[in-house]
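Please read the structure below before turning to the comments.
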Amino acid sequence: MIDLRSDTVTRPTRAMMAAMMEAPLGDDVYGDDPTVNELEALAAQVTGKEAALFVCSGTMGNQLAIMSHTQVGQEIIAGLHSHVIQHEAGAHARLSGVSAMTVDTHDPITADQVRAHTREADIHHPLTSLLCLENALGDGRVATVDQTAQAAEAAHQLGLMVHLDGARLFNAAAALGVDARELARPVDSVMFCLSKGLCAPVGSMLCGSKGFIARARRNRKVLGGGLRQAGVLAACGLVAIREVRGRLAEDHSKAQAFARLLMKSPHVHIDLDSVRINMVWADIHKPGLDAAAFVAAMKAQGLLINGLLAGRYRFVTHQDVSLEQLEQAAGLITAYLA
Ligand SMILES: Cc1ncc(COP(=O)(O)O)c(C=O)c1O
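Going by this note's numbering, the sequence shown opens with residue 514, and the numbers climb by one from there.
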């Protein structure tokens, strides 16, 4: 099967499998798994933060950040279309007891929006305490260092903390040609995923100050996320950061190539400028086109794609799909639409 549903479908690399076998292990709840400790130190280093915590998933990392930056009854600001708001099952309300003030935009949140969405001091209002940013954005576009810094500065001036959902932080950094530390510098905490384009089977990293990570470590225990010989997984994370991170730009070039191939169909519209990372968002319109039938027909021919997401189709490139397979996939789609 050619699988373009997400970069989360990537399998661990051979080097990861070997690293799993060799990893020195301990009990991470006691803090003595050397492989986890090495991964946490490396994650802190590559994001320019004091400390890091290995967590089960990106969702867990984001939610631990919210829980560790806020108090029950406070409010967070986040993009209306962000992962935290749309795809984490309302966890901020359930787990941290905070409300969310959403910013109705598909673009990076601006300083003016931060100011406009922060509550005034008034006993009728919850206290706004955290701004959640996202980079890369869910639609595959990226926020620049300046955009991130401006939003974060406005938040800090208002006394808010800032968390960055950087599930694809290194994709964003590669797309912008900057060091990920530059994107993370303006924010207080950042989460990045090992298990997407970086190919690790499990895990994400939450990074921030020592005090913040100590609180998050305690909260991770509360959620049942304290793992024991987690070094078998952390070993893959080390390979992901050391070996796979450097080749993410190849996935971006493959996305550009795939977009151009799809655009040969008159029924497909793609804004090529929006293809910044490994994601292609396509408007596909043809009278009578049924999304479920389209997806099923592709599956029957060996191509896995998602159905409509917010009215569009999303195709994601990654290490486990070659340029030849992308040509084949584009051929199947354009032929079906013809
Ligand atoms: C922007 C963003 N944040 C967070 C996550 C959550 O990651 P996980 O699926 O590991 O919980 C995702 C997953 O796709 C994501 O795209």
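A virtual CB, placed ideally from N, CA and C, is assigned to each residue, including glycine.
9 Å Cβ cutoff met for residue i and residue j
| i | j | result |
| --- | --- | --- |
| R730 | D540 | no |
| I754 | A556 | yes |
| H676 | L650 | no |
| E601 | T583 | no |
| S778 | T847 | yes |
| I818 | L517 | yes |
| V585 | K734 | no |
| V700 | T661 | yes |
| G562 | S702 | Gly is not the amino acid found at residue 562; the sequence shown has Lys there. Against a cut-off of 9 Å, the Cβ pair of S702 and K562 comes out as a contact. |
| V788 | Q814 | no |
| A685 | L696 | yes |
| V854 | L644 | There is simply no residue 854 to check, as the chain begins at 514 and stops at 851 in what is shown. |
| G592 | T618 | yes |
| G710 | D764 | yes |
| T521 | S708 | yes |
| S570 | C706 | yes |
| Q824 | A805 | The residue you asked about is not Gln; residue 824 is Gly in the sequence shown. Cβ atoms of G824 and A805: not closer than 9 Å. |
Cβ-based neighbour list, residue i, same chain, cut-off 8 Å, excluding 5 preceding and 5 following
| i | result |
| --- | --- |
| R628 | A667, L671 |
| A536 | T548, G744, V745, A747, A748 |
| T641 | Q587, E588, I589, I590, M614, H630, T631, R632, L671, L673 |
| V691 | V658 |
| M529 | C712, A713, P714, A748, C749, V752, A753 |
| S609 | Q576, I579, M580, T583, V585 |
Contacting residues, own chain, Cβ-Cβ under 7 Å from residue i (five flanking each side not counted)
| i | result |
| --- | --- |
| A843 | F771, L774, L775 |
| L552 | F567, A747, G750, L751 |
Nonlocal neighbours in the same chain, by C-beta distance under 6 Å from residue i, ignoring five residues either side
| i | result |
| --- | --- |
| L468 | Here the chain comprises residues numbered 514 to 851, so residue 468 is not present and cannot be evaluated. |
| G574 | V568, M704, S717, L719 |
| Q599 | none |
| F683 | A693, R758, L761 |
| V781 | L775, A795, I797 |
| T523 | C712, H831, Q832, D833 |
| Y826 | A795, I797 |
| F828 | L517, V793 |
| L816 | I515, A842, L845 |
| T526 | C712 |
| Q838 | I515 |
Contact set, ligand 1 heavy atom to C-beta under 5 Å: Residues with their Cβ less than 5 Å from any non-hydrogen atom of ligand 1, running along the chain, are S570, G571, T572, H596, D678, A680.
Uninterrupted alpha helix (DSSP H) stretches inside the segment 642 to 672 (no shorter than 4 residues): With a minimum length of 4 residues, the unbroken runs of alpha helix (DSSP H) contained wholly in the segment 642 to 672 fall at 658 to 670.
Within the segment 665 to 728, ranges of the beta strand (DSSP E) (whole runs, at least 3 residues): Taking only runs of at least 3 residues, the beta strand (DSSP E) segments lying wholly in the segment 665 to 728 are 674 to 678, 702 to 706, 717 to 721.
Every unbroken beta strand (DSSP E) inside the segment 805 to 832 [3 residues or more]: Fully contained in the segment 805 to 832 are the following beta strand (DSSP E) runs of length 3 or more, in chain order: 826 to 829.
Alpha helix (DSSP H) runs contained entirely in the segment 518 to 583, provided each spans 4 or more residues: 527 to 535, 547 to 560, 571 to 582, all fully within the segment 518 to 583.
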